[in-house]
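Student:
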Amino acid sequence: MDDDQGKGRLFAFALVLPFVILAPPLAGWWLGSYLDEVWKTKPLFLYLFLALGVAAGAKEAFRIVKSIKDELDDR
Amino acid sequence: MIDESLEPLTVIRLLKEKVHNEAVLAFLSSWDNIIYSFIVAVLLTAVVCLGAKKREMIPSGLQNVLELGVEMLEHLILTILGPQGMKYLPFLGTLFIYILSMNLFGLIPLMQSPSSSINITIAQAVTVFILVQYLSIKQMGLKGFVYHLAGSPKGALQWCFVPLMFPIELLTQISRPLTLAFRLFGNIFGEEVLIGYFALLGATILPVIYPLAIPLQLPFLLFAIFTSTVQALVFTLLTTVYISLSIPEESSEH
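First to last, the sequence lines map onto chains A and B. With numbering that gives the first Met the number 0, letter number 42 in the first sequence gets 41, and the count goes up by one each step, no holes. With numbering that gives the first Met the number 0, letter number 133 in the second sequence gets 132, and the count goes up by one each step, no holes.
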C-alpha cells in the first residue's frame, strides 16, 4: 500500500468515527421508544436498546480504531 | 399542512398557481422533490452524453472536464478501498456526482434541492444499505454473512456471546442508513432555510431603514457551495467505508 492510499484510508476512517459512535445509540433509542409505545412497556425496551446501541457504537468504533492501528503498523 | 405563503418561490410553486386541475395540483404537491431529482438526473445524463459524443485520445473541452472529475473520484475511492474498489467506482462515483448536483440545484433561482427532503435522502440511504448487504452476502455467502453478523465467533466462549453480538451487529447495520439520511437531510435543509431567511431579511426588514434590498444571502450562497460539496463527499466516503467494513478482513487486499 502506498503512502497516499494509507493517508486516504486513515482520513476516511477518522471522518466516519463520530458517526459510528453516535448513530447506534440514537437508533437504539428510537427503536426502543417505538417498541415501548407499541407494547406499552415504557421504559424497558428504551433502556435495553439504548444499552445495545452504546455497545454497538463502541464495538464499531473499536473495529475502526483497530483498522487505523493496523494501517499505522503497516506503514 | 404547510402554509402556502411560506413555501419557497420555485418553478413548481409557480406552476401550482397557474394550474387549477385538482389531480395535477395533488401530483405537483406530492411529487415535487421527485420531479426536481428527475430534472437533475436528466441534466447530468445530457451533460455526460454531450461530453462523450466526440471522444478523443487527447481530450478537450467538456470531455476534459468530465475525465478530470472521473479521475479525481477514482483516486479518492481507490485510496480507501484499494485496487478492489474499482468495481464499486461506477456506483460510488454516480452517487457523489448525483448528490452534489442535487445539493447545488437549490442554489439555482426558482429551483429547490431535492436532498432537502427527508424522503429523497432516505431513499438514497436505503439504496446504499441494500447494496452493502447485497455485496456482503455476495462476498461471504448467506451462511458467512450470518456468521459475520454473529460476530465471527471462533471459540466456545465466543459462541456463548452470540445472542448478545447478533442484536448489536443488527443495530449497527440499521444505524448506518439512518446516519446517512438524517445527516444529509439536516445539513441541506438547514442550509436552504438559512439562505431563505437571510434573503427575506435583506428584502423585507432592512429596506425599512435602507431604501434598497441587500443581498444578505450572498455569503451563505457561497458557503453553501462549499457545504454541498462537503456533504456529498461525506456521504460518498461513509458509503465507501461501510463497503470497506462489510468486506471481511481475510478477503480485503489491504
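A virtual CB, placed ideally from N, CA and C, is assigned to each residue, including glycine.
For chain B, is any of its Cβ atoms less than 8 Å away from the one on residue 36 of chain A?
Tutor: For this step, residue 36 of chain A is matched to residue 37 along the first sequence. Chain B, which has no Cβ nearer than 8 Å to the Cβ of residue 36 of chain A, makes this no.
Student: Quick check on DSSP: helix, strand or coil for residue 22 of chain A?
Tutor: What you label residue 22 of chain A is simply residue 23 of the first sequence in a count that begins at 1. Residue state, collapsed to three classes: helix.
Student: Of the residues B:190, B:89, B:33 and B:177, which one's Cα is nearest the Cα of residue 73 of chain B?
Tutor: For the purposes of this step, residue 73 of chain B is identified with residue 74 of the second sequence, where counting begins at 1. Out of B:190, B:89, B:33 and B:177, B:89 has the C-alpha closest to the C-alpha of residue 73 of chain B.
Student: What number of angstroms, rounded off, separates the C-alpha of residue 1 of chain B from the C-alpha of residue 28 of chain B?
Tutor: Indexing the second sequence from 1 puts residue 1 of chain B at position 2. Indexing the second sequence from 1 puts residue 28 of chain B at position 29. Note that residue 1 of chain B has pLDDT 49, beneath the 50 cutoff, so the model's placement of it is unreliable and the number below is only indicative. Cα to Cα, the separation comes out at about 11 Å.
Student: Of all the alpha helix (DSSP H) runs that stay within the bounds of the region 132–161 of chain B, which reach a length of 4 or more residues?
Tutor: Runs of the alpha helix (DSSP H) inside the region 132–161 of chain B: 155–159.
Student: Mind listing which residues of the region 8–31 of chain A have their C-beta closer than 9 Å to chain B's C-betas, in chain order?
Tutor: From the region 8–31 of chain A, only 8, 10, 11, 12, 14, 15, 18, 19, 21, 22, 23, 24, 25, 26, 27, 29 and 30 have a Cβ closer than 9 Å to chain B.
Student: Taking a cut of 8 Å between CB atoms, which residues from the region 35–54 of chain A lie near chain B?
Tutor: Residues 48, 51, 52 and 54.
Student: What residues in the region 114–141 of chain B bring their beta carbon closer than 8 Å to a beta carbon of chain D?
Tutor: This model lacks chain D altogether; the protein chains it does include are A and B.
Student: Quick test of the definition: if touching needs 3 or more C-beta pairs under 8 Å, does the region 138–151 of chain B touch the region 162–171 of chain B?
Tutor: A contact exists between the region 138–151 of chain B and the region 162–171 of chain B.
Student: Tell me the rounded alpha-carbon separation between residue 49 of chain B and residue 33 of chain A.
Tutor: Indexing the second sequence from 1 puts residue 49 of chain B at position 50. Indexing the first sequence from 1 puts residue 33 of chain A at position 34. Between residue 49 of chain B and residue 33 of chain A, the C-alpha separation is close to 50 Å.
Student: State the start and end residues of the unbroken alpha helix (DSSP H) segment that holds residue 82 of chain B.
Tutor: On the second sequence, residue 82 of chain B is found 83 positions in, with the first residue counted as 1. Careful: residue 82 of chain B lies outside any alpha helix (DSSP H) and carries neither H nor E.
Student: State yes or no: is the C-beta of residue 230 of chain B within less than 8 Å of the C-beta of residue 186 of chain B?
Tutor: Counting from one through the second sequence, the residue named residue 230 of chain B turns up at place 231. Counting from one through the second sequence, the residue named residue 186 of chain B turns up at place 187. Yes.
Student: In whole angstroms, give me the CA-to-CA distance for residue 56 of chain A and residue 84 of chain B.
Tutor: In the first sequence, residue 56 of chain A corresponds to position 57, counting from 1. In the second sequence, residue 84 of chain B corresponds to position 85, counting from 1. Each residue's alpha carbon lies about 26 Å from the other.
Student: Since residue 56 of chain A is in the alpha helix (DSSP H), which residue starts that stretch and which ends it?
Tutor: Within the first sequence, numbered from 1, the residue matching residue 56 of chain A stands at position 57. Element bounds for residue 56 of chain A: 43–73.
Student: At the 8 Å Cβ level, is residue 249 of chain B part of the contact set with chain A, yes or no?
Tutor: Counting from one through the second sequence, the residue named residue 249 of chain B turns up at place 250. For residue 249 of chain B, the predicted model reports a pLDDT of 47, less than 50, meaning its position is unreliable; a value from the coordinates is still stated below. Output row for residue 249 of chain B: interface = no.
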